[in-house]
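Residue numbers (this note's numbering): 116 to 374.
Taking it in order: structure first as structure tokens, then the write-up.
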Ligand SMILES: [Zn+2]
């Protein structure tokens, strides 16, 4: 998809299984939002995005599972095997359907571009105690859980809040902006979204800043990608794509989390 050579040591099937298992444990540990309108809204935007992405790296049945977690931190993530998680706090920052589409397009792009696999493969090479063969044999073994969690980017501190490498973030930004445009969302909203993320202090704590794109670089790159994304957007609109996902009233908003 990017034309870049990738080191991916783990089978797609295994990645899917790990994503599904990780999601199941998040589901059992985390608190899910019971707000029907909120779940419908997030599900509607997610459906518009997953409809336009290639089928590869998605779930077997083509359906993605989308859950809203009752967590005030502004985060969202996507996992191999077709899993998407959105924190309620993400909706304090992503204020419009288009901005939420930008978040989801970005996160789903990490999955499609096999960034989790690449990150895990790099950790495996760096970890002499763990041979490639042992991973192939049983990557889901308990002793590898930390590696899996880190590689997939699962958990409260991963996803939007604790991003991938600079290269991976740039790729997910560009591809994600194209996906949102293909879904009929105005791609300039990706710029608004990341500007809002920068105001709330994301992404990533200080020690991560050196390996991640600065807010400015990210926004410049999204601007540079905009003409290409606008062509996709105009084509999508001409084809009648105009998703109408209604954001419910902001009852869940935690005023302290606002910028
Ligand atoms: Zn990212």
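Backbone N, C-alpha and C define an ideal beta-carbon position, used for all residues, glycine too.
- If you look at residue 198, you'll find it in the beta strand (DSSP E) that goes 198-202.
- For residue 202, the Cβ stays outside the 8 Å cut-off from all heavy atoms of ligand 1.
- For residue 144, the uninterrupted alpha helix (DSSP H) segment begins and ends at 127-144.
- Here the alpha carbon of residue 340 sits roughly 8 Å from the alpha carbon of residue 292.
- The stretch 228-235 makes no contact with the stretch 299-314: fewer than 3 CB pairs, one atom from each, lie closer than 8 Å.
- For residue 233, the Cβ stays outside the 8 Å cut-off from all heavy atoms of ligand 1.
- Taking 9 Å as the cut-off, the beta carbon of residue 229 is found no closer than this to the beta carbon of residue 154.
- Taking the Cα positions, residue 170 is about 7 Å away from residue 177.
- Here residue 138 has 194 and 198 as same chain residues with Cβ atoms under 6 Å from its own Cβ, once five neighbours each way along the sequence are excluded.
- Taking the Cβ of residue 294 as the reference point, every heavy atom of ligand 1 lies at 8 Å or farther away.
- For residue 181, there is no enclosing alpha helix (DSSP H); the enclosing beta strand (DSSP E) covers residues 180-184.
- Closest in C-alpha terms to residue 344, from the list 361, 358 and 220, comes 220.
- Partner residues in a beta bridge of residue 240, as assigned by DSSP, do not exist.
- When the beta-carbon positions are compared, residue 160 and residue 297 stay at least 9 Å from each other.
- Its chain contains no residue whose beta carbon lies nearer than 6 Å to that of residue 175 once the 5 sequence neighbours on both sides are disregarded.
- As the crow flies, the alpha-carbon of residue 312 is around 24 Å from that of residue 141.
- Relative to ligand 1, even the nearest heavy atom lies 8 Å or more away from the CB of residue 138.
- Judged by beta-carbon spacing, residue 207 lies beyond the 9 Å limit of residue 145, meaning their Cβ atoms are not closer than that value.
- Separation of the CB atoms of residue 300 and residue 213 is rounded to 4 Å, and the pair is thereby assigned contact status at 8 Å.
- Rounded to whole angstroms, the separation of the alpha carbons of residue 130 and residue 348 is 31 Å.
- Cβ contact annotation for residue 363 (same chain, cutoff 7 Å, sequence separation greater than five): 152, 153 and 156, in chain order.
- Of the residues 356, 286 and 147, the one whose Cα lies closest to the Cα of residue 121 is 286.
- In this structure residue 295 touches residue 164 by the C-beta definition: roughly 7 Å separates them, less than 8 Å.
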